[in-house]
Every structure is written in C-alpha cells, then in structure tokens.
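Asks:
Residue numbers (the working numbering), protein chains in the order written: chain Z, 224 to 337; chain U, 40 to 154.
#1: Thinking C-alpha only, which one of U:117, U:127, U:149 and U:109 is nearest residue 70 (chain U)?
#2: From this set, U:101, U:102 and U:111, which residue's C-alpha is nearest residue 62 (chain U)'s C-alpha?
#3: Over what stretch of residues does the beta strand (DSSP E) that includes residue 272 (chain Z) continue unbroken?
#4: Does the stretch 83 to 100 of chain U come close enough to the stretch 44 to 53 of chain U to have 3 or more Cβ pairs within less than 8 Å?
#5: Counting only C-beta atoms, is residue 67 (chain U) closer than 9 Å to chain Z at any point?
#6: Beta strand (DSSP E) containing residue 309 (chain Z): first to last residue?
#7: Between the beta-carbon of residue 131 (chain U) and the beta-carbon of residue 76 (chain U), is there less than 9 Å?
#8: Smallest Cα separation from residue 135 (chain U): which of U:48, U:42 and U:67?
#9: Taking its Cβ as the centre, do 16 or more other Cβ atoms sit within 10 Å of residue 302 (chain Z), making it buried, or is it exposed?
#10: For the beta strand (DSSP E) containing residue 150 (chain U), name the first residue and the last one.
#11: Whose C-alpha, out of U:145, U:123 and U:106, is nearest the C-alpha of residue 264 (chain Z)?
#12: With DSSP run on the structure shown, which of helix, strand or coil describes residue 124 (chain U)?
#13: Taking DSSP as the reference, what is the three-state secondary structure of residue 306 (chain Z)?
#14: Determine the DSSP secondary structure at residue 65 (chain U), reduced to helix, strand or coil.
#15: Against chain U, with Cβ distances strictly below 9 Å, would residue 324 (chain Z) count as a contact?
#16: Give the interface partners of residue 46 (chain U) over in chain Z, defined as CB-CB distance under 9 Å, in chain order.
#17: Are there any heavy atoms of the ligand NAP lying less than 8 Å away from the beta-carbon of residue 305 (chain Z), as far as the coordinates show?
#18: Which bits of chain Z does residue 143 (chain U) rub up against, with CB to CB less than 7 Å?
#19: Could you pull the DSSP bridge partners for residue 71 (chain U) from this structure?
#20: Judging by CA-CA distance, which residue of Z:335, Z:281 and Z:312 is the nearest neighbour of residue 327 (chain Z)?
#21: Below 8 Å CB to CB, which residues in the same chain sit around residue 236 (chain Z) once its five sequence neighbours on both sides are set aside?
#22: If you compare alpha carbons, which of Z:239, Z:254 and Z:232 is closest to residue 324 (chain Z)?
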C-alpha cells in the first residue's frame, strides 16, 4: 500500500515571501505525484504534477521537487500572495492504468499575512 | 468549457433515506473517480469508473454504496439507508485518459448531511 504524510498541518507566511510545503510518501513504487489547492467550500484544484522520471518541474510561480531516495516531495510557491491562502494536498499514485486511486495526504493549511 | 459539475452542492437526508449524488465529467473525459472527504482530512478514494464499467472499487464500502457511469448521462453515486457516519463531502474527478497516473480534475463536491 501507500501512505502519505504532510510535515506541517499549518504554515503561515508573509505576503511576498516564498512558501515551501512538504510531503512524504511510503511506497518506492509510487510513480506519479500531484499537488492540489483546495479553497474553502470548493474542490481540489490541480496545481502541478511530476512523474518519477523527473526530480523537478516548474510552473507559474510554483516548483515541485521530488526526492525519490528519501521519498519526499515539496511544493514551492514564489512570492506568495493572499490568494494563495488555502489547504494544499499532495496526492500520490502507484500507477497502472487499471488503478484509479490517488492517495492524498491530510493537507497543509497555508495562511498568507498581508 | 465547463469543468466537472456535481449536483446537488448540498444534500440533507434523514437516517434510512437514500442519497443520490450526480457528476458530469469534463467534456471529452470518459474516466470518473469518486472520493470522500471528512472535515480536516484528505480525500479518500472510493471508486473509478469508465463508461458503463467499474474499473476499481477498492475504496467503496461493501454495503449500501453503489456507483454507475452509464453510456448516456452523469455518473451517479448512490448511498442507501444512510447513517450519520455517511456525512461528508463527496468529490468527483474526471480524466481524459485512464488510471491514477493521469491528472484528475475535481468538481466542487456534494456536501451530504445526515440528520
């Protein structure tokens, strides 16, 4: 099986600072990883994904780093803005076309102070 | 260019009643996934369906819960004889290609409350 844990349930940052949210997973066979953002009352919103054949991927203001050696995943948000305040989940997949399940961590609540 | 649409957004049922939750995937997506979320928790996978087929139901309770994704129309998650412990947010996701190594895009969920 697979289990996913977040290092910190809450994170508070100053507007304009960079944010780093961490995630650990247990199964070395996991091959696909996604970060989602969830605002209150809404569904998870896809931010960025990475496959196990990569160790870094960049999007707009976001970077995902994957360290397969220690089974660790992080999301970096540059120049954090108030609109980034939300709960962030990492989700991990064991892969395989016949399997549907993403395994979600419990989430880190990011608060941005103006 | 609508995303995943779920309805109703809120559903209140009394114990013993049936709850029906609907999900229309992103246009062109034929793979649908259902997840359940308790307060302060991450999402827990329930079932993965492709048109007219259940592909993976490993997260679905064995009793009272069923899901379908017919050839025409939305996917339905059905909970019979609801109990208080069924109170949760239920999210549907869809993907263009199948399997958990594809991006899944979520709707805004149905919040089910059991009185």
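A virtual CB, placed ideally from N, CA and C, is assigned to each residue, including glycine.
Replies: Per the coordinate set shown:
#1: If we check each option's Cα against that of residue 70 (chain U), U:109 comes out closest.
#2: Among U:101, U:102 and U:111, the Cα nearest to that of residue 62 (chain U) belongs to U:111.
#3: Here the beta strand (DSSP E) through residue 272 (chain Z) covers 268 to 274.
#4: Result no; under three Cβ-Cβ pairs closer than 8 Å.
#5: Not one chain Z Cβ lies under 9 Å of residue 67 (chain U).
#6: Element bounds for residue 309 (chain Z): 309 to 316.
#7: For residue 131 (chain U) and residue 76 (chain U), no; Cβs fall outside 9 Å.
#8: Residue U:67 is the option with its Cα nearest to residue 135 (chain U).
#9: Exposed, since its Cβ has fewer than 16 Cβ neighbours within 10 Å.
#10: In this chain, the beta strand (DSSP E) harbouring residue 150 (chain U) covers 149 to 153.
#11: The candidate whose alpha carbon is nearest that of residue 264 (chain Z) is U:145.
#12: Helix.
#13: Under the three-state reduction of DSSP output, residue 306 (chain Z) falls in the helix class.
#14: Correct three-state label for residue 65 (chain U): coil.
#15: Interface flag for residue 324 (chain Z) against chain U is set, since a Cβ pair is found closer than 9 Å.
#16: Those within 9 Å of residue 46 (chain U) in chain Z number zero; the least Cβ separation is about 13 Å.
#17: Among the components modelled here there is no ligand, and therefore nothing to report on the ligand NAP.
#18: Proximity of chain Z to residue 143 (chain U) at the Cβ level (cut-off 7 Å) is accounted for by 325, in chain order.
#19: U:88 and U:133, per the DSSP bridge assignment.
#20: The shortest Cα separation from residue 327 (chain Z) among Z:335, Z:281 and Z:312 belongs to Z:312.
#21: The beta carbon of residue 236 (chain Z) lies closer than 8 Å to those of 242, 303, 333, 334, 335 and 336 in the same chain, with the five residues before and after it left out.
#22: For residue 324 (chain Z), the nearest C-alpha among the options comes from Z:254.
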